[in-house]
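**Student:** Pasting in a structure now, in structure tokens, and then I'll have a few things to ask.
Number of protein chains: 2
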Amino acid sequence: MNARDLDAYCDAHQARFIDELVEFCRIPSISTDPAHAGDVRRSAEWLARGARDAGFATTELIETAGHPAVYAERMVDPGLPTVLIYGHHDIQPVDPLEEWTSPPFEPRIVGGELRCRGAADDKGHVWMHLKAVQAHLRTRGELPLNLKLVVEGEEEIGSAHFEELIGAEATRLRADLCVVSDTAMHGRGQPSICVGLRGLVALEVEVTGPALDLHSGEFGGAVLNPLEALSRILASLRDPRTGRVTVPGFYDEVVELTREERTQVAASPFDEAAFREVAGGVLATFGENGYTTTERRTVRPTVEINGVWGGYQGPGSKTIIPARAGAKITCRLVPRQQPEVILDRVRAAIEAATPDAVRVTVTPGGGSRPVLTPVDHPGVLAASRAMKEVFGAEVYCTRAGGSIHPVEMFDRLLGLPSVLVGFGLPDDRIHAPNEKFDIGQFRSGIRVLTRLWDELAENLQRTSPGES
Amino acid sequence: MNARDLDAYCDAHQARFIDELVEFCRIPSISTDPAHAGDVRRSAEWLARGARDAGFATTELIETAGHPAVYAERMVDPGLPTVLIYGHHDIQPVDPLEEWTSPPFEPRIVGGELRCRGAADDKGHVWMHLKAVQAHLRTRGELPLNLKLVVEGEEEIGSAHFEELIGAEATRLRADLCVVSDTAMHGRGQPSICVGLRGLVALEVEVTGPALDLHSGEFGGAVLNPLEALSRILASLRDPRTGRVTVPGFYDEVVELTREERTQVAASPFDEAAFREVAGGVLATFGENGYTTTERRTVRPTVEINGVWGGYQGPGSKTIIPARAGAKITCRLVPRQQPEVILDRVRAAIEAATPDAVRVTVTPGGGSRPVLTPVDHPGVLAASRAMKEVFGAEVYCTRAGGSIHPVEMFDRLLGLPSVLVGFGLPDDRIHAPNEKFDIGQFRSGIRVLTRLWDELAENLQRTSPGES
Numbered sequence: 276m277n278a279r280d281l282d283a284y285c286d287a288h289q290a291r292f293i294d295e296l297v298e299f300c301r302i303p304s305i306s307t308d309p310a311h312a313g314d315v316r317r318s319a320e321w322l323a324r325g326a327r328d329a330g331f332a333t334t335e336l337i338e339t340a341g342h343p344a345v346y347a348e349r350m351v352d353p354g355l356p357t358v359l360i361y362g363h364h365d366i367q368p369v370d371p372l373e374e375w376t377s378p379p380f381e382p383r384i385v386g387g388e389l390r391c392r393g394a395a396d397d398k399g400h401v402w403m404h405l406k407a408v409q410a411h412l413r414t415r416g417e418l419p420l421n422l423k424l425v426v427e428g429e430e431e432i433g434s435a436h437f438e439e440l441i442g443a444e445a446t447r448l449r450a451d452l453c454v455v456s457d458t459a460m461h462g463r464g465q466p467s468i469c470v471g472l473r474g475l476v477a478l479e480v481e482v483t484g485p486a487l488d489l490h491s492g493e494f495g496g497a498v499l500n501p502l503e504a505l506s507r508i509l510a511s512l513r514d515p516r517t518g519r520v521t522v523p524g525f526y527d528e529v530v531e532l533t534r535e536e537r538t539q540v541a542a543s544p545f546d547e548a549a550f551r552e553v554a555g556g557v558l559a560t561f562g563e564n565g566y567t568t569t570e571r572r573t574v575r576p577t578v579e580i581n582g583v584w585g586g587y588q589g590p591g592s593k594t595i596i597p598a599r600a601g602a603k604i605t606c607r608l609v610p611r612q613q614p615e616v617i618l619d620r621v622r623a624a625i626e627a628a629t630p631d632a633v634r635v636t637v638t639p640g641g642g643s644r645p646v647l648t649p650v651d652h653p654g655v656l657a658a659s660r661a662m663k664e665v666f667g668a669e670v671y672c673t674r675a676g677g678s679i680h681p682v683e684m685f686d687r688l689l690g691l692p693s694v695l696v697g698f699g700l701p702d703d704r705i706h707a708p709n710e711k712f713d714i715g716q717f718r719s720g721i722r723v724l725t726r727l728w729d730e731l732a733e734n735l736q737r738t739s740p741g742e743s
Numbered sequence: 276m277n278a279r280d281l282d283a284y285c286d287a288h289q290a291r292f293i294d295e296l297v298e299f300c301r302i303p304s305i306s307t308d309p310a311h312a313g314d315v316r317r318s319a320e321w322l323a324r325g326a327r328d329a330g331f332a333t334t335e336l337i338e339t340a341g342h343p344a345v346y347a348e349r350m351v352d353p354g355l356p357t358v359l360i361y362g363h364h365d366i367q368p369v370d371p372l373e374e375w376t377s378p379p380f381e382p383r384i385v386g387g388e389l390r391c392r393g394a395a396d397d398k399g400h401v402w403m404h405l406k407a408v409q410a411h412l413r414t415r416g417e418l419p420l421n422l423k424l425v426v427e428g429e430e431e432i433g434s435a436h437f438e439e440l441i442g443a444e445a446t447r448l449r450a451d452l453c454v455v456s457d458t459a460m461h462g463r464g465q466p467s468i469c470v471g472l473r474g475l476v477a478l479e480v481e482v483t484g485p486a487l488d489l490h491s492g493e494f495g496g497a498v499l500n501p502l503e504a505l506s507r508i509l510a511s512l513r514d515p516r517t518g519r520v521t522v523p524g525f526y527d528e529v530v531e532l533t534r535e536e537r538t539q540v541a542a543s544p545f546d547e548a549a550f551r552e553v554a555g556g557v558l559a560t561f562g563e564n565g566y567t568t569t570e571r572r573t574v575r576p577t578v579e580i581n582g583v584w585g586g587y588q589g590p591g592s593k594t595i596i597p598a599r600a601g602a603k604i605t606c607r608l609v610p611r612q613q614p615e616v617i618l619d620r621v622r623a624a625i626e627a628a629t630p631d632a633v634r635v636t637v638t639p640g641g642g643s644r645p646v647l648t649p650v651d652h653p654g655v656l657a658a659s660r661a662m663k664e665v666f667g668a669e670v671y672c673t674r675a676g677g678s679i680h681p682v683e684m685f686d687r688l689l690g691l692p693s694v695l696v697g698f699g700l701p702d703d704r705i706h707a708p709n710e711k712f713d714i715g716q717f718r719s720g721i722r723v724l725t726r727l728w729d730e731l732a733e734n735l736q737r738t739s740p741g742e743s
């Protein structure tokens, strides 16, 4: 479908779109800081007004036990497909403030970049959706499909109350597809769509030996040191030669990628030196033998030690055998691995690796299931076409190594598949000082979204009633 | 030599001895707390007066860059042997205060025990020495040998300036033997003399990977986690089956005990269940195959991990691959093992165990050499006879697993052998709430010391000039 009319509108109003986004970004909606609770609410109210102005018929705040979310919808016809747009209006803290080259809440455009906290993550993305809707309505008078929008206020604090919100609003949130814009493209001029996310299961290990710290001179050599036992347990979880997790059964449900899928993963450009640079300048990559770096971080499961503690950590030395030692672990899961099952297996491996002279306890933390949208899903194909048309380049289907909790929740609680269409760039410095969003990406992204509504209207199978 | 005259004096004045000790213990001479610096000085002044009252001809404070020490001497005749008495007048902090059943600086006698901070460690012991001297002088008018006394004010903070003090006062501290009373007997009714102390070498290990913490979803599986590398390094230092340190060359200089020496070690009573109880109720003992628990903790060297840190240690989870991870290690050394040599070997083993994908640095900490006084040294034999006569039981020669820095300094800097004649009991709760000193031990200890001066006067070889 020709989108020249939409493009013309967007071109004519680009300056205003940016001005509005700048205003949105002035609100310091830092969800983790109680002192900013009022700002998070102000951000929600501001956004609800923005959604109304854009043309959503219903706009309201959904209260939670924490910060409010914004809900909006424009139901055109129950016979049309319904898409749910997901984003968030809360942002990360700004410290260390002294590393910002301009104040984080005084947005500036420098060298084609909008610089401020939240520009890319995720206010810029949310605003693009509103503007794409506005372009359709102002140009053509109506949307080609039903749209719902849910923008939460707690994404940066782990979507603390979003599962409750989905449970309470399940009927209203029903849709045929969820479009999430909170990610980055593979690179500049390298459009990509994320179709898979790894799952997660967290656990905490505590090894206890003596009831109190012992003098290491008096007891050293005769009592097993909990830190030694813990080190041995942690080292046992992975084979240092093959890089494989040694937990019995860890890979049982993991489906090997087909040759075709591996080719697809390999199609995304990858530069080893650039990757090592992004990975904090590590000396070398390391991972499971027989898999590429991209595979290791996206389609293969892993066990990571996130923290370890025990004994004396201050200056100088303190000659003790500590009473206890602990570690935090998270496993990244790939499709078909169940968090509960993997937790049980890791626990069993830890218990088996624990020497008799100490006790061990394993405490489960949170978990989320891996999610995967088939690459031939109509939503993925629609997004792919829209991106290709705007960026003029092949669109990669990628899988990400992290988890996005709401995506997993939509999948698990509503059976709702997600397509992750994001327009960030890898160097956007989200969560860090000097976050920025590329103005060109903002402009192109809106054009992709206007086309996406057309594409989805035409191709998306209507699987659920469009009305609440 | 008959000591009935001395015993009669001690019996007649026991009540006063206790009253004086109570006053001494009222002074909160906590060396680690700057707020108590004035108290440490007051304690030194009080002690110097006590030494003068006891009959030491010279008494003075020796200033250091930290807290003052007390020096006293009574030189009877340069032709007689000279003994240096070592002790300390500073004490440990008292927290947690709420666990004390009576205030730590309001000494009380309950059930034959003097309860207060410093009662056993080390004010009670220091006071016994003064009273033994006083008994000799008041009863016989003169000491049978030359006595020097050095009582430092920083033992509880690692004898921070004692090495400087010894260097500056080397001539004045010269003696034929050092008698240290700052230890416990093997048990009630089980007199023992400590003739050996393990040495020590401390080091810190830091493993660094990425320059900053990485998102474990984004990078997990493709980058080696410094905590995993550190765990592997730490686990590699010891064989979990044999309990032996695996550092190449670690045991090279270690001399195996003769059958006779092992028999001697085994002669000290040992109760496995009681030991496990004292060791914080551990499930089982663990150590080097082929050695008894007592051997493992006293005559065998070991590597202990005193602290480990890295990544996230707070509540909940934080999904990172940390930039760095660290550990503090101390090795306990036995005779002929040199701290510098062992440090080099441990460092080499750590470097060899470090995977290529991360960096490691090993920073040396302090060290002290092991010390051992031959069991047939005249000082040991003299102390043994004195103890046997008072306690009416065989006296064990033991070796301790810990280090007492001043003992090593006297050995290294002055070539001065030490005999450790202490009268504490294993349950004295030194360094812990409700420290106590057994009144019976205090009484018996003074008697042992009065006899010790007689025994040493008769048997100790004069090896150094008695005068400064």
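In the order they appear, the protein sequences are chains A and B.
Each residue of the first sequence is one higher than the one before, counting from 276 in our numbering.
Each residue of the second sequence is one higher than the one before, counting from 276 in our numbering.
Even for Gly, the Cβ is constructed at its ideal location relative to N, Cα and C.
Bear in mind the structure is a predicted one, so any value in this text is a computation, not a measurement.
Extract the residue ranges of the alpha helix (DSSP H) inside the stretch 592 to 673 of chain A, only unbroken runs of 4 or more that lie entirely within it.
**Tutor:** Look at the stretch 592 to 673 of chain A and you find these whole runs of alpha helix (DSSP H), each 4 residues long or longer: 614 to 628 and 653 to 666.
**Student:** Is there a C-beta anywhere in chain B that falls below 9 Å from the one on Ser-543 (chain A)?
**Tutor:** no
**Student:** Pull the bridge partners of Gln-465 (chain A) from the DSSP assignment, please.
**Tutor:** A:Gly-462
**Student:** With 9 Å set as the bound, which would you pick, yes or no: does the beta-carbon of His-652 (chain B) sit closer than that to a beta-carbon of chain A?
**Tutor:** no
**Student:** Of the choices A:Tyr-587, A:Val-553 and A:Ala-668, whose alpha-carbon is the least far from that of Asp-703 (chain A)?
**Tutor:** A:Val-553
**Student:** Once you ignore the five residues that flank Gly-433 (chain B) on each side, which residues in its own chain have a CB closer than 7 Å to its CB?
**Tutor:** Answer for Gly-433 (chain B): His-680, listed in chain order.
**Student:** Are the CB atoms of Gly-642 (chain B) and Arg-572 (chain B) nearer to each other than 9 Å?
**Tutor:** no
**Student:** At the 9 Å Cβ level, is His-490 (chain A) part of the contact set with chain B, yes or no?
**Tutor:** Flagged as an interface residue toward chain B: His-490 (chain A), by a C-beta distance shorter than 9 Å.
**Student:** Quick check: the Cα distance between Ala-549 (chain A) and Arg-463 (chain A), rounded to an integer number of angstroms?
**Tutor:** Rounded to whole angstroms, Ala-549 (chain A) to Arg-463 (chain A) spans 14 Å at the Cα level.
**Student:** Does the Cβ of Leu-472 (chain A) have 16 or more other Cβ atoms within 10 Å, making it buried, or fewer, making it exposed?
**Tutor:** buried
**Student:** Mark Glu-385 (chain A) as exposed unless 16 or more other C-beta atoms lie within 10 angstroms of its C-beta, in which case mark it buried.
**Tutor:** As written in the sequence, residue 385 (chain A) is Val, which differs from the Glu given in the question. Around the CB of Val-385 (chain A), fewer than 16 other CB atoms lie within 10 Å, so the residue is classed as exposed.
**Student:** So Lys-711 (chain B) is in the beta strand (DSSP E); what residue range does that whole segment cover?
**Tutor:** 711 to 713
**Student:** Taking DSSP as the reference, what is the three-state secondary structure of Leu-512 (chain A)?
**Tutor:** coil
**Student:** Got a sec: is the Cβ-Cβ distance from Leu-372 (chain A) to anything in chain B below 9 Å?
**Tutor:** no
**Student:** Since Phe-331 (chain B) contacts Arg-317 (chain B) with CB under 8 Å, what's their CB separation in whole angstroms?
**Tutor:** In fact, because the Cβ distance is near 19 Å, the residues do not count as touching under 8 Å.
**Student:** On the three-state DSSP scale, how would you describe Tyr-284 (chain B)?
**Tutor:** helix
**Student:** Any heavy atom of the ligand GTP inside 8 Å of the beta-carbon of Ser-377 (chain A)?
**Tutor:** Annotation note on the ligand GTP: not contained in the displayed structure, which lists no ligands.
**Student:** Use the C-beta contact count for Gly-477 (chain A): other C-beta atoms within 10 angstroms, 16 or more gives buried, fewer gives exposed.
**Tutor:** The question names Gly, but residue 477 (chain A) is Ala in the sequence shown. Under this definition Ala-477 (chain A) is a buried residue.
**Student:** Identify every residue that forms a DSSP beta bridge with Glu-479 (chain B).
**Tutor:** Residue pairing of Glu-479 (chain B) in beta bridges, as defined by DSSP: B:Lys-603 and B:Thr-638.
**Student:** Can you grab the Cα-Cα spacing for the pair Gly-699 (chain A) / Cys-300 (chain A), in whole Å?
**Tutor:** Using only the alpha carbons, I get a separation of about 16 Å.
**Student:** Thinking Leu-420 (chain A) and Val-408 (chain A) are a contact (beta carbons under 8 Å), I'd like their distance in whole angstroms, please.
**Tutor:** The beta carbons of Leu-420 (chain A) and Val-408 (chain A) sit about 11 Å from each other, so the pair does not count as a contact at 8 Å.
**Student:** On the CB-based measure, 16 or more other CB atoms within 10 Å of its CB, does Thr-376 (chain B) come out buried or exposed?
**Tutor:** With a 10 Å radius around the Cβ and a threshold of 16 neighbouring Cβ atoms, Thr-376 (chain B) comes out exposed.
**Student:** Going by DSSP, name the residue or residues bridged to Leu-336 (chain B).
**Tutor:** Leu-336 (chain B) is bridged by DSSP to B:Val-345.
**Student:** Provide the residue span of the beta strand (DSSP E) that contains His-363 (chain A), from first to last.
**Tutor:** 357 to 363
**Student:** Looking at the C-beta of Ser-693 (chain B), does it have a partner C-beta in chain A at a distance below 9 Å?
**Tutor:** Between Ser-693 (chain B) and chain A, the shortest Cβ-Cβ separation is not below 9 Å.
**Student:** Do we get a CB-CB distance below 9 Å when we pair Phe-550 (chain A) with the residues of chain B?
**Tutor:** yes
**Student:** Over what stretch of residues does the alpha helix (DSSP H) that includes Glu-570 (chain A) continue unbroken?
**Tutor:** 568 to 573
**Student:** Less than 9 Å between the beta carbons of Ser-304 (chain B) and Gly-492 (chain A), yes or no?
**Tutor:** Cβ distance not < 9 Å, so Ser-304 (chain B) and Gly-492 (chain A) don't count as in contact.
**Student:** Under a CB-based cut-off of 9 Å, is Gly-741 (chain B) close to chain A?
**Tutor:** The predicted model places Gly-741 (chain B) with a pLDDT of 42, which falls under 50 and marks its position as unreliable, so this point remains unresolved.
**Student:** Quick check on Glu-431 (chain A) - is its C-beta less than 9 Å from some C-beta in chain B?
**Tutor:** no
**Student:** Taking only beta-carbon positions, decide if Glu-631 (chain B) is within less than 9 Å of chain A.
**Tutor:** The residue you asked about is not Glu; residue 631 (chain B) is Asp in the sequence shown. With 9 Å as the cut-off, Asp-631 (chain B) counts as an interface residue toward chain A.
**Student:** What ranges does the beta strand (DSSP E) occupy inside the stretch 380 to 442 of chain B, keeping only unbroken runs of at least 3 residues that lie completely in it?
**Tutor:** 383 to 385, 388 to 390 and 421 to 427
**Student:** Can you tell me which of the three DSSP states Leu-731 (chain A) falls into?
**Tutor:** helix
**Student:** Any C-beta of chain A sitting closer than 9 Å to the C-beta of Arg-622 (chain B)?
**Tutor:** no
**Student:** Since Gln-613 (chain A) meets chain B, which of its residues come closer than 8 Å, beta carbon to beta carbon?
**Tutor:** In chain B, no part has a C-beta under 8 Å from the C-beta of Gln-613 (chain A); the shortest such distance is about 18 Å.
**Student:** On the DSSP letters alone, give me the boundaries of the alpha helix (DSSP H) that Thr-538 (chain A) sits inside.
**Tutor:** 534 to 542
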